[in-house]
Amino acid sequence: MIKIKNSQVKPKNKMPAQQSKQTKKSMLEKLSEMEKLTKERFTKLLIKDLKEGLSKAKEISMFEEADFDRITNLIEHEKKRLELKNFKWAGMDKTFIFKISGKKDNSEIEINGNKTLRDLFERIEQEFDLDPGHLYEFHIGKYVFGTLCDEWQERFDGLDDYKIGFVLEAGGLNKKDSFRFTYDFGEEKELEIKIQDIKNGK
452 MIKIKNSQVK PKNKMPAQQS KQTKKSMLEK LSEMEKLTKE RFTKLLIKDL KEGLSKAKEI
512 SMFEEADFDR ITNLIEHEKK RLELKNFKWA GMDKTFIFKI SGKKDNSEIE INGNKTLRDL
572 FERIEQEFDL DPGHLYEFHI GKYVFGTLCD EWQERFDGLD DYKIGFVLEA GGLNKKDSFR
632 FTYDFGEEKE LEIKIQDIKN GK
């Protein structure tokens, strides 16, 4: 949790003491509910830290509100990861033909649905001559896939070892639908990936 030590900085429009107390109580109750819902160690640590900070504070600060929003976001992403885990995939052997479009370059990739998103990334990396070792993410339906670690859980819904056919079906995408690929968050390169065709078998 972030704290600023500066006695000269006074926040404007403070809430009345009674209103602040009620809001703090409500936030603590919601944190306790979310603590029961999550199984993520990182999220539990954030909740514990915020609850300790709130118990000592007279009023809720903007930083505590930001921490609360972050925890809420983490819980939502954890829920979506659980949806993916429980999603029943038909597992049919299909080959996808993707038309990949950027601002300057275009390419067409044919890849089996049993390959992973990591495999798809490596094909894109080769086709568009991307430098290795950079961050990337796939936006597929309501899900965002990328390299997952504690610091990135609020952005990503799952690891990139999901099979292509699985995530497209889970995301509700069909022939002629599109999804996005973003590479290198410093100098972002965004590509549109359109499902040009779907074939049965290899």
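Position one of the sequence shown corresponds to residue 452 (our numbering), numbered consecutively onward.
In this text, a Cβ means the ideal position worked out from N, Cα and C, and glycines have one as well.
Model, not experiment: these values are computed from the prediction.
Chain-order list of residues whose beta-carbon lies under 6 Å from that of residue i (same chain, five-residue window excluded)
i: Lys-640; result: Tyr-634
i: Glu-588; result: Val-595, Gly-597, Thr-633
i: Val-618; result: Ile-591
i: Lys-650; result: Thr-546
i: Glu-578; result: Ser-558
Which of helix, strand or coil DSSP assigns to residue i
i: Asp-648; result: strand
i: Phe-519; result: helix
i: Glu-561; result: strand
i: Lys-614; result: strand
i: Ile-511; result: coil
i: Lys-659; result: Residue 659 is absent from the model: the chain starts at 452 and stops at 653.
i: Phe-632; result: strand
i: Leu-624; result: coil
i: Thr-494; result: helix
i: Lys-545; result: strand
i: Phe-579; result: coil
i: Thr-489; result: coil
Supposed contact pair residue j and residue i - C-beta distance, whole angstroms, cut 8 Å
i: Ser-558; j: Ile-548; result: Going by Cβ atoms, the distance from Ser-558 to Ile-548 rounds to 11 Å, so no, they are not a contact pair.
i: Lys-593; j: Lys-645; result: In fact, because the Cβ distance is near 18 Å, the residues do not count as touching under 8 Å.
i: Thr-489; j: Ile-526; result: 6 Å
i: Glu-561; j: Thr-546; result: 6 Å
i: Glu-516; j: Gly-504; result: So it is not a contact: roughly 12 Å between Cβ atoms.
i: Leu-642; j: Gly-564; result: About 19 Å separates the two Cβ atoms, so there is no contact after all.
Beta-bridge pairing of residue i - partner residues as DSSP gives them
i: His-585; result: Paired residues: none, contrary to the question.
i: Glu-641; result: Thr-633
i: Thr-567; result: Lys-614
Contact set for residue i: own chain, Cβ-Cβ below 8 Å, skip 5 residues either direction
i: Lys-566; result: Lys-614, Ile-615
i: Ala-541; result: Glu-620
i: Glu-576; result: Pro-583
i: Lys-456; result: Note that Lys-456 scores 35 on pLDDT, short of 50, meaning its location in the model is unreliable and no value can be drawn from it.
i: Gly-622; result: Ile-591, Gly-592, Lys-593, Tyr-594, Phe-630
Cβ neighbours of residue i in the same chain (closer than 7 Å, five flanking residues each side left out)
i: Asp-648; result: Ile-548, Lys-626
i: Met-478; result: Leu-505, Ile-511, Phe-519
Heavy atom of the ligand FAD within 6 Å of residue i beta-carbon
i: Leu-533; result: Among the ligands in the structure shown, none appear at all, so the ligand FAD cannot be discussed.
Residue i at chain D interface by Cβ criterion, 7 Å
i: Lys-566; result: You won't find chain D in this structure, because it holds only one protein chain.
(message) I want to know whether the stretch 520-530 touches the stretch 480-493 - three or more CB-CB distances under 8 Å.
(response) yes
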